[in-house]
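What follows is one structure encoded as structure tokens, with my remarks underneath.
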Amino acid sequence: MSETIYEIRDLRLSFRDMAHKPVFKPASGIEVLKGLSFNIAKGGVLGIVGGSGSGKSTLGRAMVRLLEPSSGMIRFQGRDITHLNEDTLRPLRRKFQMIFQDPMSSLNPRRTVFAIIAAPLRLHKFDRVAIRVEEALDMVGLPRNFKNRYPHELSGGQRQRVGIARSIATEPEFILADEIVSGLDVSSQAQVLNLLEQLVRDLGLTLAFISHDLSVVRRLCQHTIVMHQGEIVEAQQTAKLFENPTTTYTRELIDAIPLPNLDQHWI
Amino acid sequence: MSFLTINNLTAHVGKRPVLRDVSLSVQAGEVCGLVGESGAGKSMIGKAVLGILPLAIEATGGEIILAGVDLQSLPAKERRQFIGAKTALIPQDPLTALNPSRRVGSQITNRLVDILGWTKPDAEHRALELLSEVQIDDPKRVMLCYPHELSGGMRQRLLIAAAFAAEPQLIIADEPTTALDVTVQKQILRLIKEMQARYGTALLFVTHDLGVVSKVCQKVLVLYDGVVLEQATVEDFFTGPRHPYSRALLEATPKYTDPTGSLTPIPLHVLEGVRLQVAAYDRMQNHV
């Protein structure tokens, strides 16, 4: 049994339903996560899949504590981080980083690539910032002179590499990747995924990979959690999940993928 | 006879070519897929046909023949009316295509009233009919909704209904399912295919997903940097693509049935090969 990096027990999270708020009464809550429990073992890649609105991004955001859960427990490396305040969390944030879906909106357009990657390093008081930025660029396969560029001067795949460089610069233990290849075309998607796979291996990272594309998850993740309407419907080794899905929802998700072949019955 | 014929279409941004001698034809009732990576010019072809190229891009050569009429031969106003009556667009992002401050019903009926001169009650009746055809329950209620009150799948259905409303003979679908998740994508693709078959519409389907192409198209064009690298029937393409770039594109496409054999980035020598092909074309043009 390998070491556990994340322990999640009966995690619940609800948002206020402002769309149907009575004028003079407090808004009722909508439960987005309905009691999730699972562990993430150290090393390797965990896939989190589900349709839109299934709560997969909310789960991810709660795990890196961008959102505070309503109840339940999140333990990171044995430490309960469920309700920690921001000051206590900040030193821990170095260890769990996030890569966002849309690099155009998660990279500051007014800052150079250098400033973008250096920001978390400065926040966490790292030494040799300039050298570390260059090392991070090396690791994601971008030329060092890209540090003087602005995000709009990069292609989609290159921008996503900058996002990856920023997340690995602080030498984290865990990275959450939220739909990071959904905006890329197939070739840059393949490049970015191969890069992630290599970084996980070389740096001994643990990665949680949120995606709606099961084909990508099949390739990248050893274990997969399938979410539907805020609940885990299936958690399984990825290979087994595809060979023998136990729930109809998983079956539907897999069947809905258009494979590039001549099977005309699919539609 | 083909409904849409494009001969040697060329377009430039300043001096830089974005479409290089693109030729294609789509028959009535046929679905033609345009694939390629971002920047390959696949959306530009659709926009050129609709006459909505961005201002910076100028069509510099070739001809577009729609229903037997060379579009260049028409004066601007007549051309717009002609294109408006014959074609429709299913856009990629339904939220930006719909006016957020107006109810969706009027956004469907306006097209019938303004372009085809229908009366308002007729148009409304037709809109209700179409909404049930695209499997929207309770179409009366949906007609009165604002776009933000509907889900992504609903909005896309609505735009499909709007596109088929005036019974156009050609529809250009510009990545109509990239914003949707797989289960909804399947419904939407099935719907487009059904509607297309029912009305016998010619369809130009822009996408980067070869999986989608294999399910809805009969013909496929592979583009790179504005050059058509391969044009084939779907049967030929998926049994044995001829161009090395097409083969590489297929190998880069993720397949859950073959996790180790897929997701190969396009090899450098293939990319270099297509770049040489593009450069050779440009040199030839400069000599002429």
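Here the protein sequences line up with chains F and G, keeping their order.
For the first sequence, the working numbering begins at 333 and goes up steadily by one.
For the second sequence, the working numbering begins at 17 and goes up steadily by one.
Don't be surprised by glycine CBs; every beta carbon is placed ideally from N, CA and C.
Given the structure is predicted, the values throughout are model-derived calculations rather than measurements.
Endpoints, alpha helix (DSSP H) assigned at residue i
i	result
residue 126 (chain G)	120-132
residue 528 (chain F)	518-535
residue 56 (chain G)	Looking at the DSSP string, residue 56 (chain G) is not in any alpha helix (DSSP H), and its letter there is neither H nor E.
residue 587 (chain F)	580-587
residue 305 (chain G)	For chain G, the structure presents residues 17 to 304; residue 305 (chain G) sits outside this window and is missing.
residue 260 (chain G)	260-268
residue 49 (chain G)	No alpha helix (DSSP H) contains residue 49 (chain G), which is instead part of the beta strand (DSSP E) from 47-51.
residue 255 (chain G)	250-255
residue 391 (chain F)	388-395
residue 204 (chain G)	198-215
residue 463 (chain F)	461-471
residue 437 (chain F)	435-438
residue 170 (chain G)	168-181
residue 195 (chain G)	First-last for residue 195 (chain G): undefined, no H or E at that position.
residue 302 (chain G)	284-303
residue 476 (chain F)	Unbroken run through residue 476 (chain F): none, as it is neither H nor E.
residue 230 (chain G)	226-232
residue 424 (chain F)	418-425
residue 110 (chain G)	110-113
Paired residues, beta bridge with residue i - DSSP
i	result
residue 240 (chain G)	G:243
residue 345 (chain F)	F:365
residue 557 (chain F)	F:380 and F:567
residue 410 (chain F)	Bridge partners of residue 410 (chain F): none, in fact.
residue 28 (chain G)	G:33 and G:74
residue 445 (chain F)	Paired residue(s): none; residue 445 (chain F) is not in a bridge.
residue 515 (chain F)	Per DSSP, none; premise fails for residue 515 (chain F).
residue 503 (chain F)	Paired residues: none, contrary to the question.
residue 86 (chain G)	G:81
residue 405 (chain F)	F:341
residue 510 (chain F)	F:542
residue 40 (chain G)	G:22
Beta-carbon separation (whole angstroms), residue i vs residue j, contact threshold 8 Å
i	j	result
residue 2 (chain G)	residue 21 (chain G)	Within the shown structure, residues of chain G are numbered from 17 to 304, placing residue 2 (chain G) beyond reach of any answer.
residue 167 (chain G)	residue 551 (chain F)	Contact doesn't hold; Cβ gap of about 29 Å is too wide.
residue 338 (chain F)	residue 372 (chain F)	4 Å
residue 180 (chain G)	residue 211 (chain G)	5 Å
residue 116 (chain G)	residue 175 (chain G)	Residue 116 (chain G) to residue 175 (chain G), Cβ: 14 Å. No contact.
residue 453 (chain F)	residue 501 (chain F)	6 Å
residue 253 (chain G)	residue 236 (chain G)	5 Å
residue 290 (chain G)	residue 245 (chain G)	6 Å
residue 241 (chain G)	residue 294 (chain G)	5 Å
residue 553 (chain F)	residue 570 (chain F)	5 Å
residue 264 (chain G)	residue 286 (chain G)	5 Å
residue 97 (chain G)	residue 178 (chain G)	Rounded, the Cβ-Cβ distance is 18 Å, inconsistent with contact.
Host beta strand (DSSP E) of residue i (start-end)
i	result
residue 106 (chain G)	103-106
residue 187 (chain G)	186-190
residue 218 (chain G)	218-222
residue 538 (chain F)	538-543
residue 430 (chain F)	428-431
Beta carbon proximity, residue i to chain A, threshold 8 Å
i	result
residue 168 (chain G)	As a matter of chain content, chain A is missing from the structure shown, whose protein chains are F and G.
Give, in chain order, every residue of the region 510-526 of chain F whose Cβ lies closer than 7 Å to some Cβ of chain G. Legend: CB atoms of the region 510-526 of chain F lying less than 7 Å from CB atoms of chain G belong to residues 517, 518, 519, 522, 523, 525 and 526.
Which residues, in order along the region 471-505 of chain F, keep a beta-carbon less than 9 Å from a beta-carbon of chain G? Listed by position along the chain: 487 and 488.
Report the residues of the region 267-280 of chain G with a CB closer than 7 Å to any CB of chain F, ordered along the chain. Within the region 267-280 of chain G, the residues whose Cβ lies closer than 7 Å to some Cβ of chain F are 268, 269, 270, 271, 272, 273, 275, 278, 279 and 280, listed in chain order.
On the three-pair Cβ rule with 8 Å, is the region 188-200 of chain G touching the region 125-140 of chain G? The region 188-200 of chain G is not in contact with the region 125-140 of chain G.
With a cut-off of 8 Å, do at least 3 Cβ pairs link the region 531-546 of chain F to the region 380-393 of chain F? They touch, by the three-pair rule.
For the pair the region 476-493 of chain F and the region 424-443 of chain F, tell me if three or more CB-CB distances fall below 8 Å. Touching, per the Cβ criterion.
Residues of the region 382-414 of chain F whose Cβ lies closer than 7 Å to any Cβ of chain G, in chain order: Of all residues in the region 382-414 of chain F, 383 and 384 have a Cβ within less than 7 Å of some Cβ in chain G.
Are the region 554-566 of chain F and the region 515-528 of chain F touching by the rule of at least three beta carbon pairs closer than 8 Å? The region 554-566 of chain F, when compared against the region 515-528 of chain F, does not touch it at the 8 Å Cβ threshold.
May I ask you to list, following chain order, the residues of the region 529-558 of chain F that have a beta carbon less than 7 Å from some beta carbon of chain G? Going along the region 529-558 of chain F in chain order, one finds 544, 545, 546, 547, 548, 550 and 551 with a Cβ nearer than 7 Å to chain G.
Could you run through the region 585-596 of chain F and flag, in chain order, every residue whose CB is less than 9 Å away from some CB of chain G? Listed by position along the chain: 585, 586, 587, 588, 589, 590, 591, 592, 593, 594, 595 and 596.
Given a limit of 7 Å on CB to CB distance, which residues of the region 111-131 of chain G reach chain F? The region 111-131 of chain G vs chain F, Cβ under 7 Å: nothing.
For the region 251-265 of chain G, enumerate the residues whose C-beta is nearer than 8 Å to any C-beta of chain F, in chain order. So the close ones are 251, 254, 255, 264 and 265.
Residues from the region 346-358 of chain F in contact with chain G, defined by Cβ distance under 7 Å: Taking 7 Å as the Cβ-Cβ cut-off against chain G, none of the residues of the region 346-358 of chain F qualify.
Touch check for the region 342-358 of chain F and the region 517-524 of chain F: three-plus C-beta pairs under 8 Å? Between the region 342-358 of chain F and the region 517-524 of chain F, the count of Cβ pairs shorter than 8 Å is below three; the stretches do not touch.
Below 8 Å between beta carbons is the criterion; list the residues of the region 199-212 of chain G that meet it against any residue of chain F, in chain order. Taking 8 Å as the cut-off between beta carbons, the residues of the region 199-212 of chain G near chain F are 199, 200, 201, 202, 205, 206 and 209, in sequence order.
Which residues of the region 226-254 of chain G have a Cβ closer than 8 Å to any Cβ of chain F? Give them in chain order. Taking 8 Å as the Cβ-Cβ cut-off against chain F, the residues of the region 226-254 of chain G that qualify are 226, 227, 228, 229, 230, 231, 232, 250, 251 and 254.
In chain order, what residues of the region 569-583 of chain F put their CB closer than 8 Å to some CB of chain G? Within the region 569-583 of chain F, those residues whose Cβ lies closer than 8 Å to any Cβ of chain G are, in chain order, 574.
Between the region 37-47 of chain G and the region 206-223 of chain G, do three or more beta carbon pairs fall short of 8 Å? A contact exists between the region 37-47 of chain G and the region 206-223 of chain G.
With a threshold of 8 Å, are at least 3 pairs of Cβ atoms found where one atom belongs to the region 426-438 of chain F and the other to the region 491-499 of chain F? Judged by Cβ distances under 8 Å, the region 426-438 of chain F makes contact with the region 491-499 of chain F, as three or more pairs qualify.
When you compare the region 199-206 of chain G with the region 586-593 of chain F, are there three or more beta-carbon pairs, one atom per stretch, that lie closer than 8 Å? The region 199-206 of chain G, when compared against the region 586-593 of chain F, does touch it at the 8 Å Cβ threshold.
Contact list for the region 52-77 of chain G against chain F, Cβ threshold 7 Å: Contact annotation: in the region 52-77 of chain G, residues whose CB is within less than 7 Å of a CB in chain F are 53 and 54.
Can at least three beta-carbon pairs, one atom from the region 251-267 of chain G and one from the region 62-81 of chain G, be found at a separation below 8 Å? Contact fails: fewer than three Cβ-Cβ distances are below 8 Å.
Note down, in chain order, all residues in the region 174-197 of chain G with a beta-carbon under 7 Å from any beta-carbon belonging to chain F. The region 174-197 of chain G vs chain F, Cβ under 7 Å: 197.
What residues in the region 285-303 of chain G bring their beta carbon closer than 9 Å to a beta carbon of chain F? Under the 9 Å Cβ criterion, the region 285-303 of chain G contributes 287.
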